[in-house]
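*Asks:* Have a look at the structure that comes next, please.
Residue numbers (our numbering): 46 to 260.
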């Protein structure tokens with residue numbers, strides 16, 4: 046079975062082809078440099094960039110996989126959470142393909158996809174387990190009782206980890222996205238120079254506003 050996956054929940058246009066026997070056949074991702082001057086994602090710019098890139102990225106992913114549209118068995122697409130304008134671009138493409146090719150269409154929850162991605166490397170991960178989801182817009186600690194059955198133990202009370210990186214990088218005059226820029230700069234620094242606060246050490250939730258204030 047070959048599945049085409051489409052992801053446009055934020056500022057990256059991604060299309061992949063998965064074969065249940067051969068594994069990942071292609072994974073093409075286009076990042077958006079349009080947001081660098083703003084120090085964060087601008088939703089309107091993101092959705093317009095997806096409109097420009099979705100067709101070329103789709104064609105490239107199919108080409109790298111060596112698969113024609115008629116050889117696909119199904120389509121999966123992110124339906125949320127994320128930026129609504131960006132999500133609609135991916136959804137519209139997926140619906141059009143599914144309708145034109147008469148293929149089943151499956152909506153995928155963005156956060157659940159983060160959790161399931163661990164199975165690509167190790168399909169035999171034992172359950173139950175606890176997982177940390179840390180992305181640009183979400184930071185959650187999730188208890189997985191079984192696949193499809195989750196309990197959120199903790200989440201951020203303010204910014205997500207990725208947002209905090211971007212905002213701190215902007216304050217420091219670094220580039221976007223902030224995570225890689227801060228990491229590269231930190232490798233040249235002294236980890237003992239500044240004693241940053243550890244937010245909410247006694248609970249399950251996260252908070253990054255205090256770290257931003259400390260910076």
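By construction, the Cβ of each residue, glycine as well, lies at the ideal position given by its N, Cα and C atoms.
Taking Cβ to Cβ, would you say residue 199 is nearer than 7 Å to residue 250?
*Replies:* By one-based count along the chain shown, residue 199 stands at place 154. By one-based count along the chain shown, residue 250 stands at place 205. Yes, they are a contact pair.
*Asks:* Return the chain-ordered list of same chain residues with a C-beta closer than 6 Å to the C-beta of residue 202, the five sequence neighbours on each side being excluded.
*Replies:* As a first step, residue 202 must be located in the chain shown, where it is residue number 157. Once the five neighbours on either side are set aside, the close Cβ partners of residue 202 are 250, 252.
*Asks:* Which residues does DSSP list as the beta-bridge partners of residue 62?
*Replies:* Counted from its first residue, the chain shown places residue 62 at position 17. The partner list for residue 62 (beta bridge, DSSP) reads 49, 71.
*Asks:* Tell me where the beta strand (DSSP E) around residue 123 begins and ends.
*Replies:* Residue mapping note: residue 123 aligns to position 78 of the chain shown, counting from 1. Here the beta strand (DSSP E) through residue 123 covers 119 to 125.
*Asks:* Quick one: what's got a C-beta closer than 8 Å to residue 148's C-beta in the same chain, skipping five residues either side?
*Replies:* The count along the chain shown starts at 1 and reaches residue 148 at position 103. If we look at residue 148 and ignore the five residues flanking it on each side, its Cβ neighbours are 117, 118, 119, 120, 142.
*Asks:* How should residue 139 be labelled, buried or exposed, when 16 other C-beta atoms within 10 angstroms of its C-beta is the threshold for buried?
*Replies:* Here residue 139 corresponds to residue number 94 of the chain shown, with the count starting at 1. It is buried - the Cβ of residue 139 has at least 16 other Cβ atoms within 10 Å.
*Asks:* Would you decide whether residue 259 is buried or exposed? Buried here means 16 or more other CB atoms lie within 10 Å of its CB.
*Replies:* The sequence position of residue 259 within the chain shown is 214, counting from 1. So residue 259 ends up on the exposed side.
*Asks:* Alpha carbon to alpha carbon, how far is residue 255 from residue 242?
*Replies:* Sequence index remark: in the chain shown, residue 255 carries index 210 (1-based). Sequence index remark: in the chain shown, residue 242 carries index 197 (1-based). Looking at the two C-alpha atoms, the distance is approximately 7 Å.
*Asks:* What ranges does the alpha helix (DSSP H) occupy inside the segment 202 to 227, keeping only unbroken runs of at least 4 residues that lie completely in it?
*Replies:* Fully enclosed alpha helix (DSSP H) runs of 4 or longer: 206 to 216.
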